[in-house]
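Right, one structure below, let's go through it.
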Amino acid sequence: MLLCAVAAFSLMFAEHRLPFMDDVRSQLTTVVAPVQWAVSWPSEGLSWAALVFSDQRALVDENQRLRQQLLTLSHRVQRMANLTAENVRLRELLHAAPRDEVPYITAELLSLDSDPFTQQMVIGRGRRDGVYVGQPVMDASGLIGQVIAVSAYTSRVLMVSDANNAVPIQINRSGQRFIVQGSGNLDTLNVLNVPATADIKEGDLLTTSGLGGRFPEGYPVAEVTQVDRDGQHSFANVEARPLSQPERSRHFLLLFPSPAAAAVTSDVNIEAALHLMDGGTGKMPNELEEARQ
């Protein structure tokens, strides 16, 4: 145990002081990738077994719920098509540049960190798939976080709820822009530096503002749950609930916004991203095509 403790402290010191340790860590992560996949197999097997041996009535009820959900989403898509066309016409009147769809690839969860002081997870996409450090990650409900480390086959994601993560956001209703920071709790985010007179209230939707160029604009991040205004202070205490559900989701989207062409620096990453997007998982952006040429 003493030798393990000395080795652990030595590795932490070396990683903090020696730049080349990032490459060593990346290579070791590649070696550990098969172990992570092996650990995730039991849960996948249990899910498959539960689906195979499920009661027929439960499957019928689930099918009915999914049909109702599909009908609701179809109605929303029809409304969205009308709003999209109207938005295009308004942009043409204002001579504004059209917004391009953000390409993406899918990824599957391999593991969630059990450390209560860090909110991170490992997904089954890596450098060979075009993933890069700083890439935004989504689930079906909202922004999960960003990639902070990449190996050949896996990547580590820092979630929005981590205390070391901060995201530029805007209030969907009023357009005011702020910064939201993780609290270390999966259910709570802190909205920073909100003036006491700001137009913000409980229930407001917070979306990415697009400032900084890392997160594309308009993706849902959180919902305001508490606004405390104290007459003795110039700033309000605002808390929000993340819309993403990392504890329930198993599949995620890795977005490739416009700055991705600058972030994907190696030819291997560019070719991998182009191959995956051209294969039907997303649309190939012009920036990546220009970078490849």
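Throughout the sequence shown, residue numbering follows our numbering, covering 666 to 958 in sequence.
Ideal placement from N, C-alpha and C gives every residue a C-beta, glycine not left out.
Can you give the beta carbon distance from residue i to residue j, rounded, assuming they're within the 8 Å contact cut?
i      : j      : result
Val886 : Leu871 : 5 Å
Leu774 : Arg915 : 5 Å
Val903 : Ile865 : 6 Å
Ser826 : Ser806 : Going by Cβ atoms, the distance from Ser826 to Ser806 rounds to 13 Å, so no, they are not a contact pair.
Ser909 : Ile809 : 5 Å
Pro801 : Leu920 : 5 Å
Phe917 : Asp804 : 5 Å
Which partner residues of residue i appear in the DSSP bridge assignment?
i      : result
Val798 : None, per the DSSP bridge assignment.
His916 : Glu773
Phe718 : Phe718 pairs with nothing; no bridge assigned.
Met786 : Leu777, Val822
Asn902 : Asp893
Pro907 : Ala887
Met803 : Leu808, Leu918
Pro860 : Phe900
Gln846 : Ala831, Asn855
Leu724 : None, per the DSSP bridge assignment.
Leu871 : Ile836, Ala887
Val815 : Ser820
Whose C-beta lies closer than 7 Å to the C-beta of residue i among residues of the same chain, with five residues either side of it excluded?
i      : result
Glu867 : Val889, Thr890, Gln891, Val892
Ser874 : Pro833, Ile834, Gln835, Arg842, Glu882
Ala670 : none
His940 : Caution is warranted here: a pLDDT of 47 is assigned to His940, below 50, making its placement in the model unreliable, and the coordinate value is therefore given only provisionally. If we look at His940 and ignore the five residues flanking it on each side, it has no Cβ neighbours.
Counting only C-beta atoms, is residue i closer than 9 Å to chain C at any point?
i      : result
Glu882 : The structure shown contains no chain C; it holds only a single protein chain.
With H, G and I counted as helix, E and B as strand and the rest as coil, what does DSSP make of residue i?
i      : result
Asp893 : strand
Thr695 : helix
Gly877 : coil
Ser618 : This structure does not reach residue 618, given that the chain is present from 666 up to 958, and the question cannot be answered.
Asn855 : strand
Arg793 : helix
Gln841 : coil
Thr749 : helix
Leu759 : coil
Val742 : helix
Val700 : helix
Pro684 : coil
Val671 : helix
Val636 : Residue 636 lies beyond the range of the chain shown here (666 to 958); nothing can be said about it.
Met677 : helix
Leu735 : helix
Ser705 : helix
Ser923 : coil
Excluding sequence positions up to five away, which residues of its chain have a Cβ less than 8 Å from the Cβ of residue i?
i      : result
Ser776 : Gln701, Val704, Ser705, Met786, Val787
Asn858 : Phe843, Ile844, Phe900
Gln958 : With a pLDDT of 42 at Gln958, under the threshold of 50, the predicted position of this residue should be treated as unreliable, and no value is reported.
Ala814 : Arg690, Ser691, Thr694, Val798, Ser820, Arg821
Pro781 : Gly849
If I measure Cβ to Cβ from residue i and keep anything under 6 Å in the same chain, skipping five residues before and after, which residues do I get?
i      : result
Pro922 : Val767, Pro881
Gly877 : Pro833
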